[in-house]
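Scroll down for the structure; my scribbles are underneath it.
Residue numbers (the working numbering): 38 to 659.
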């Protein structure tokens, strides 16, 4: 919001939330009714197509969001290197307001203006007419209105809301107070209304002009340069007729320059074009010197719909812990199609780029879902994808690669050891995060606990937790006889007395793994602490028990460019396995933590706290 919000700052439907789309319902129903009941020659195709056009613009906008975020995670042509934060994501979550307003105005104009009814598909004169009016009056008036908005009175009340975003994204272009946005709509109506009144309007003319506005808006607010230099070499005057992302980024970093809408002509005429415009464009097009990546965290997709929760998916959804919602039902057909496409064509991609102190880190995603890891049907291909990612990171000079979620496992890859065996000359260190995950689980156990129940699938972390608990003389109860016998066999002789085969569910502390069943939870006593050592959290069944988070830590404030949530974890909380790789790099440890190797609990715990990471628990304040 602006620093001193003025009148008509809020949009009329801001209290409705996502129910704002209900405002379109009467218009849509009226449009469909007219189209169905009227004779063919009397049907108003323009009015009927308003809803499909709205949906097209929503899809078009989302594609720009995804493309922009994908490029800023990997492109060398980034313009501004500052951090994007959750506050900006929240501020820009209502980017669809202007699309809804456009649709409402199109329905209204069609109703009250007879000339706007039953427009033809095409009118070449109308296209020229709209182009001329945009290039002249619209660009000229916008330039001066924009300069007026930078006067203190209007800036503090309206335009400062838009300029709160220094690191721009495509949707930043449409984030304005209602009053300011409404003036823009009046400006953009200058070519459209006269073209209709003069009888040269057309469906293609109106739709094409709005798509042109969207394209230029979104392109100009990307935080990477994308306009090729050969365009300006072929046609030099184009520099006065089309701006570039780097041109407009100067306006967001210096504020008092480069005011033009889409055509820099007026900035050149009135001497408000910044002197660094051309040099910044060339520098960004050439690409910044490649930042050396120190750490890569290798994760994968989780549930069927998780691809939409990624940073590249729905921005506002990704900025919150993953939960089921109505949107999941809407996108379900697309979700299943994407599962098939990622299985056939998917390759590992860069999801996120972060910085912490002097270390640069990235998150890469293996395009496979949790169910594919669990079924083991695609195990060979998954291993090849993981190995290729490790070798690619090795070529980049990455120091540490941490294996997240189910990219590690005894049956899959012996917790990463298989890749070292196949590539013994690799310098990159593979980290499975067992030490830090164990430290977080152990520090979650309430003080004074004398016994715990270990339940669920046995893995490396479960074995190590059992070993440390026995060393601390805490009794570990096991329900399954095969697990009990296996642990008894593996434990040192002096530790075996602390492992007990039990059929009792009376322990107040449960350490739970992947296979925690509903029936097991129902047998737990009231007030039991469910502390997961699993990669994914247990399903909450009992309201009279305490459920802990999967092992995770709150990142320090200096951790930059974190603006999406990691699966089910809250904001600015990341998994222990991801933190472990970061700590490994910060400390410069020259050992792997994979296979049977485990980093000392005290060593990795102290290092994490030293660097400002804090354990996340139910009492954590984010």
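Just so you know, even glycine gets a beta-carbon here, dropped at the ideal spot from N, CA and C.
These numbers come from a predicted model, not from an experiment.
Pairwise C-alpha distance: residue j and residue i
i           : j           : result
residue 502 : residue 537 : 15 angstroms
residue 141 : residue 413 : 51 angstroms
residue 635 : residue 99  : 43 angstroms
residue 128 : residue 109 : 20 angstroms
residue 43  : residue 135 : 19 angstroms
residue 652 : residue 623 : 18 angstroms
residue 369 : residue 130 : 22 angstroms
residue 202 : residue 297 : 18 angstroms
residue 283 : residue 204 : 12 angstroms
residue 659 : residue 593 : Interpretation of residue 659 is limited by its pLDDT of 35, a score under 50 that renders its predicted location unreliable; the figure taken from the coordinates is listed afterwards. So the alpha carbons of these two residues sit roughly 11 angstroms apart.
residue 657 : residue 567 : Reliability fails at residue 657, whose pLDDT of 36 lies under 50, so the model's placement of it is uncertain and no value is given.
residue 455 : residue 419 : 13 angstroms
residue 195 : residue 45  : 9 angstroms
residue 401 : residue 321 : 24 angstroms
residue 148 : residue 330 : 57 angstroms
residue 461 : residue 644 : 28 angstroms
residue 51  : residue 250 : 24 angstroms
residue 372 : residue 341 : 6 angstroms
residue 654 : residue 328 : 34 angstroms
residue 82  : residue 233 : 15 angstroms
residue 380 : residue 290 : 42 angstroms
Local Cβ density within 10 Å of residue i, reported as buried at 16 or more and exposed below that
i           : result
residue 612 : buried
residue 63  : exposed
residue 161 : exposed
residue 286 : buried
residue 360 : exposed
residue 73  : exposed
residue 349 : buried
residue 69  : exposed
residue 271 : exposed
Heavy atom of the ligand NAP within 7 angstroms of residue i beta-carbon
i           : result
residue 295 : The ligand NAP is not part of the structure shown, which contains no ligands of any sort.
Residue i versus the options, residue with shortest Cα-Cα distance
i           : options            : result
residue 515 : 530, 534, 102, 326 : 534
residue 585 : 571, 594, 598      : 571
residue 353 : 189, 40, 54        : 54
residue 116 : 164, 59, 188, 313  : 313
residue 168 : 291, 431, 300, 567 : 300
residue 87  : 74, 156, 105, 45   : 156
residue 447 : 532, 559, 498, 148 : 498
residue 71  : 92, 144, 372, 124  : 144
residue 443 : 504, 399, 271, 452 : 452
residue 463 : 277, 271, 437, 530 : 437
residue 97  : 120, 256, 303, 243 : 256
residue 240 : 56, 171, 375, 152  : 152
residue 512 : 496, 495, 482      : 482
residue 104 : 227, 261, 212      : 261
residue 264 : 244, 317, 218, 212 : 317
residue 246 : 139, 150, 235, 576 : 139
residue 67  : 375, 80, 182       : 80
residue 639 : 505, 551, 569      : 505
Limits of the alpha helix (DSSP H) - the one that residue i falls within
i           : result
residue 489 : Careful: residue 489 lies outside any alpha helix (DSSP H), inside the beta strand (DSSP E) at 488 to 492.
residue 156 : From DSSP, residue 156 is part of no alpha helix (DSSP H); its letter is neither H nor E.
residue 471 : 471 to 481
residue 421 : 416 to 433
residue 290 : 282 to 291
residue 203 : No alpha helix (DSSP H) holds residue 203; DSSP gives it neither H nor E.
residue 185 : 176 to 186
residue 638 : 638 to 647
Supposed contact pair residue j and residue i - C-beta distance, whole angstroms, cut 8 angstroms
i           : j           : result
residue 405 : residue 338 : 6 angstroms
residue 403 : residue 387 : That pair is no contact at about 12 angstroms.
residue 602 : residue 355 : 7 angstroms
residue 493 : residue 549 : 5 angstroms
residue 610 : residue 590 : 7 angstroms
residue 191 : residue 185 : 6 angstroms
residue 477 : residue 617 : With a Cβ gap of about 10 angstroms, residue 477 and residue 617 do not count as contacting.
residue 489 : residue 544 : 6 angstroms
N-terminal and C-terminal residue of the beta strand (DSSP E) that residue i is part of
i           : result
residue 566 : 566 to 569
residue 572 : Segment: none, residue 572 is in no beta strand (DSSP E) and carries neither H nor E.
residue 536 : 536 to 538
residue 653 : It is not in any beta strand (DSSP E) - residue 653 carries neither H nor E in the DSSP assignment.
residue 611 : 610 to 612
residue 518 : Not the beta strand (DSSP E): residue 518 falls in the alpha helix (DSSP H), residues 518 to 527.
residue 396 : 396 to 403
residue 547 : 546 to 549
residue 391 : 386 to 393
residue 590 : 589 to 591
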